[in-house]
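In full-length UniProt numbering, the protein residues as written are 1 to 474.
What follows is the structure, given as C-alpha cells:
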C-alpha cells in the first residue's frame, strides 16, 4: 500500500516525460522499428560495458529454487555451482545496515509474525541503552520510533532485531520437495551486503555449536542517514560480524549484481552508503580498479569477482537510475530493468516508439545494459524481449540481460535455437541475450556448455545440485 502511494505521486511527471501513447496499436512493429530513433552508448561507455563477461550466468537471489533466497545457503550454492554473479536486492535496516533483501514485507520469508507480531520490538529501549544512551534519551527515542513504525517493513527494524528472525524454515514449509533440515538447523539469517561480499570470496558465517551465528557486536558511529519514510535523522550503527573460511570453497570468485529498489524504500543517502560499503570491501572499481587484463576465468574457476566487472548495479526505477548516474557517473557497469505495467516507472507503451523511449532513457542515464522481462512459465512475466525489441536494444550498443530464466525452453527461445517472431528477417540475428538472470543457475550453465557458449577457460561440467547442497552441509 505504501508503495502504491509513492508510485501514484510520481506518475504524472513520469508519464509526461515519456510522452507515452499506450492506446496506439502497431500493426507491423518490424517495419516501424527501422523508423525509430535510438541513442547509442559512447565509446567510453562501451569500454565499461565490456568489463562484464559475455553469456554471464547471474544467480538470481543466489537461488530461489534450491534454497531460501538471498541467504547464506543461496549465496554459497550460487558460488559453488559456478555462477558468474550472485544477485540481490538492496534495502536498509533502521540503523543503517545495507541489506541483501528483496521483499519490503518480511512476512513471506521470515517468522516475523511470531517473533514481533505487529508491534515495535519490546527490546528497543535496551538496544539504545547498549549503545550508550541514557534511560531518558532511550525513552524519547523509543517514542519517536513507535510513531514512525510500520510493521513488517525492514527499515522499521534494527539489524540486531532482524537477526532474531528465522529466514530459512519458511522455505521448507513452502517447498517440501526441496526442503532440507539444514536450512533450519544451520539457521538462515537476513543477509547484509557485507555478508554477500564475504560469501562471494569464499567465507561463511562463524557459528556456535548449536548452529546459531557467533556474536555480532555493534558500535554507534558519527554517520547519519534520513529514515526512508519518516525523514528522521538516524545515527548509523556499525556491526562487526564474524566469518570463517568456508571449508567447502573450491575457488570460484563470482561478482555481485545488486539492485537499487524504489527510492521510497531507502534513505536519500543510499547511493553513497552503498558506494562507501563497496569501497570498504575493495569492491569499488572507481577508487580501486583492477588490472584491465585480468581474466574472467582461471583454470576452470570463475574469476569475475577479481575483475573490473566485479559489481553490476541495476534498477527498475527512473529516479534511482538518475541518482545512480549522478553518483557513479557510468564508471561502474549498470543495468536498466524493463517491466510492462501501469506503475509510475513501468513501461505502459511497448510500441517501437515507447520501447525506444526507455532505451534512450537508459543511454541518457549511463546504463550499459537493458534488462527486459521474458515470458513463460512459471512466472509468466510480460514479454519484453521480442526479436524487434532486441533489435532496438542492439542498435543502442547496450547489451541484453533479461530476467528470469527457469526452464531450458526459455533459454532455447531467447538464445535463438528457434527464431521466434521474426517474420521479415531484417532484424539483428539471435541470440537475443548476452546474459541470463536465472533461478536455475545449474541449468543455465549446462545449456551454455551444451551450446559451446561457455568460455573455454571456465569449467565445462556442473556439480549435481543436490550433491552440492549435501557437501555444503544442508
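Built from N, CA and C at the ideal position, the CB exists for glycine as well.
* Asked: Where DSSP assigns a beta bridge to residue 87, which residues make up the other side?
  -> The count along the chain shown starts at 1 and reaches residue 87 at position 87. In the DSSP assignment, residue 87 is bridged to 257.
* **DSSP state of residue 436 mapped onto helix, strand, coil** => One-based indexing of the chain shown puts residue 436 at position 436. DSSP places residue 436 in strand when its eight states are reduced to three.
* Can you tell me where the alpha helix (DSSP H) with residue 74 in it begins and where it stops? -> The residue given as residue 74 occupies position 74 in the chain shown. For residue 74, the enclosing alpha helix (DSSP H) starts and ends at 72-81.
* **Own chain, CB closer than 7 Å to residue 474, minus 5 neighbours either side, in chain order** => One-based indexing of the chain shown puts residue 474 at position 474. Hits under 7 Å: 73, 180, 182, 183, 186.
* For residue 409, count neighbouring Cβ atoms within 10 angstroms of its own Cβ and tell me buried if that reaches 16, exposed if not. => Along the chain shown, read from residue 1 onward, the residue named residue 409 stands at position 409. Label assigned to residue 409: exposed.
* To do: To the nearest angstrom, report how far apart residue 162 and residue 452 are at their CA atoms.
  => Locating residue 162 in the chain shown gives position 162, counting from the first residue. Locating residue 452 in the chain shown gives position 452, counting from the first residue. Inter-residue distance for residue 162 and residue 452 is about 44 Å (C-alpha atoms, whole angstroms).
* Beta-carbon proximity list for residue 232, same chain, < 8 Å, skipping 5 on both sides -> Here the question's residue 232 lines up with position 232 in the chain shown. Here residue 232 has 144, 148, 226 as same chain residues with Cβ atoms under 8 Å from its own Cβ, once five neighbours each way along the sequence are excluded.
* Asked: In terms of residue numbering, what span does the beta strand (DSSP E) encompassing residue 222 cover?
  -> Working through the chain shown from its first residue, we reach residue 222 at position 222. Its beta strand (DSSP E) spans residues 217-226.
* Spatial neighbours of residue 138 in its chain, beta-carbon cut-off 6 Å, leaving aside the 5 residues before and after -> The count along the chain shown starts at 1 and reaches residue 138 at position 138. 125, 128, 129.
* **Beta carbon of residue 371 nearer than 8 Å to that of residue 319** => Here residue 371 refers to the residue found at position 371 when the chain shown is read from its first residue. Here residue 319 refers to the residue found at position 319 when the chain shown is read from its first residue. Not closer than 8 Å, so no.
* DSSP three-state assignment for residue 197, whether helix, strand or coil -> Here residue 197 corresponds to residue number 197 of the chain shown, with the count starting at 1. Helix, per DSSP.
* **Alpha-carbon spacing of residue 46 relative to residue 356, whole angstroms** => Counting from one through the chain shown, the residue named residue 46 turns up at place 46. Counting from one through the chain shown, the residue named residue 356 turns up at place 356. Roughly 19 Å separates the two Cα atoms.
* Measuring alpha carbon to alpha carbon, tell me which of 342, 93, 49, 256 ends up nearest residue 366. => The residue you call residue 366 lines up with position 366 of the chain shown. Per the Cα distances, 49.
* To do: In angstroms with no decimal places, state the Cα-to-Cα distance between residue 331 and residue 369.
  => Position 331 of the chain shown, counted from the first residue, corresponds to residue 331. Position 369 of the chain shown, counted from the first residue, corresponds to residue 369. Residue 331 and residue 369: Cα-Cα distance of roughly 13 Å.
* Those residues which DSSP pairs with residue 230 across a bridge -> In the chain shown, the residue the question calls residue 230 occupies position 230. Residue pairing of residue 230 in beta bridges, as defined by DSSP: absent, with no partner found.
* Tell me, which residues are paired with residue 338 by DSSP? -> The residue labelled residue 338 in the question sits at position 338 within the chain shown. The secondary-structure analysis by DSSP pairs residue 338 across a beta bridge with 372.
* **Member of 190, 136, 352 whose CA lies at the smallest distance from the CA of residue 108** => One-based indexing of the chain shown puts residue 108 at position 108. Put simply, of 190, 136, 352 the residue whose alpha carbon is nearest the alpha carbon of residue 108 is 190.
* To do: Spell out whether any CB of chain C is found under 8 Å from the CB atom of residue 388.
  => Considering every chain present, this structure includes no chain C. It has just one protein chain.
* Asked: Buried or exposed: which applies to residue 304, given that a residue is buried once 16 or more other Cβ atoms fall within 10 Å of its Cβ?
  -> Taking the chain shown and counting its residues from 1, one reaches residue 304 at position 304. Its Cβ being crowded by 16 or more others within 10 Å, residue 304 is buried.
* Given residue 261 as reference, the closest of 122, 271, 405, 252 once Cα atoms are compared -> On the chain shown, residue 261 is found 261 positions in, with the first residue counted as 1. For the residues 122, 271, 405, 252, the minimum Cα distance to residue 261 belongs to 271.
* residue 207 (DSSP reduced to helix, strand or coil) -> Here residue 207 refers to the residue found at position 207 when the chain shown is read from its first residue. DSSP places residue 207 in strand when its eight states are reduced to three.
* Could you check what DSSP says for residue 242 in three-state terms: helix, strand or coil? => On the chain shown, residue 242 is found 242 positions in, with the first residue counted as 1. Reduced to three states, the DSSP call for residue 242 is coil.
* **Endpoints, alpha helix (DSSP H) assigned at residue 114** => The residue given as residue 114 occupies position 114 in the chain shown. According to the DSSP assignment, residue 114 belongs to the alpha helix (DSSP H) that extends over 112-115.
* Asked: CB-CB under 8 Å to residue 254, same chain, minus the five flanking residues each way: which ones, in chain order?
  -> Within the chain shown, residue 254 is the residue found at index 254, counting from 1. 59, 78, 79, 83, 84, 85, 86, 200, 302, 304, 305, listed in sequence order.
* Could you check what DSSP says for residue 164 in three-state terms: helix, strand or coil? => As a first step, residue 164 must be located in the chain shown, where it is residue number 164. Three-state result, residue 164: coil.
* **Top-ranked residue by Cα proximity to residue 67, from 117, 101, 171, 242** => Translated into positions along the chain shown, residue 67 becomes position 67. Between residue 67 and the set 117, 101, 171, 242, the nearest pair of CA atoms involves 171.
* Taking DSSP as the reference, what is the three-state secondary structure of residue 367? -> Sequence index remark: in the chain shown, residue 367 carries index 367 (1-based). Note: residue 367 maps to coil in three-state DSSP.
* Asked: When the distance is taken between beta carbons, is residue 219 closer than 8 Å to residue 245?
  -> Position 245 of the chain shown, counting from 1, holds the residue named residue 245. Position 219 of the chain shown, counting from 1, holds the residue named residue 219. No, the Cβ-Cβ distance between residue 245 and residue 219 is not below 8 Å.
* Quick one: what's got a C-beta closer than 7 Å to residue 197's C-beta in the same chain, skipping five residues either side? -> Looking up residue 197 in the chain shown gives position 197. The residues 256, 281, 283, in chain order, have a CB closer than 7 Å to that of residue 197 in the same chain once the five nearest residues on each side in sequence are set aside.
* **Cβ shell of residue 333 (< 8 Å), same chain only, five flanking positions each side left out** => The count along the chain shown starts at 1 and reaches residue 333 at position 333. Apart from the 5 residues on each side of it in sequence, residue 333 sits with its Cβ closer than 8 Å to the Cβ of 48, 49, 51, 52, 309, 311, 312, 313, 368, 369 in its chain, given in chain order.
* To do: Measure how close the beta-carbons of residue 166 and residue 110 come, nearest whole angstrom, since I'm counting them as under 8 Å.
  => Along the chain shown, read from residue 1 onward, the residue named residue 166 stands at position 166. Along the chain shown, read from residue 1 onward, the residue named residue 110 stands at position 110. Yes, they are in contact, since the Cβ atoms of residue 166 and residue 110 sit about 6 Å apart, within 8 Å.
* **Residues bridged to residue 99 [DSSP beta-bridge criterion]** => By one-based count along the chain shown, residue 99 stands at place 99. The partner list for residue 99 (beta bridge, DSSP) reads 91, 192.
* Asked: Which ranges would you report for the beta strand (DSSP E) in the segment 258-325 if only whole runs of at least 3 residues count?
  -> 311-315, all fully within the segment 258-325.
* Identify the continuous alpha helix (DSSP H) that holds residue 38 and give its terminal residues. => For the purposes of this step, residue 38 is taken as the residue at position 38 of the chain shown. In the DSSP annotation of this structure, residue 38 is not part of any alpha helix (DSSP H), being labelled neither H nor E.
* Can you give the Cα-Cα distance for residue 394 and residue 433, rounded to whole angstroms? -> Indexing the chain shown from 1 puts residue 394 at position 394. Indexing the chain shown from 1 puts residue 433 at position 433. Each residue's alpha carbon lies about 10 Å from the other.
* Can you find a heavy atom of the ligand ADP that lies under 7 Å from the Cβ of residue 451? -> No copy of the ligand ADP occurs in the structure displayed, which carries no ligand at all.
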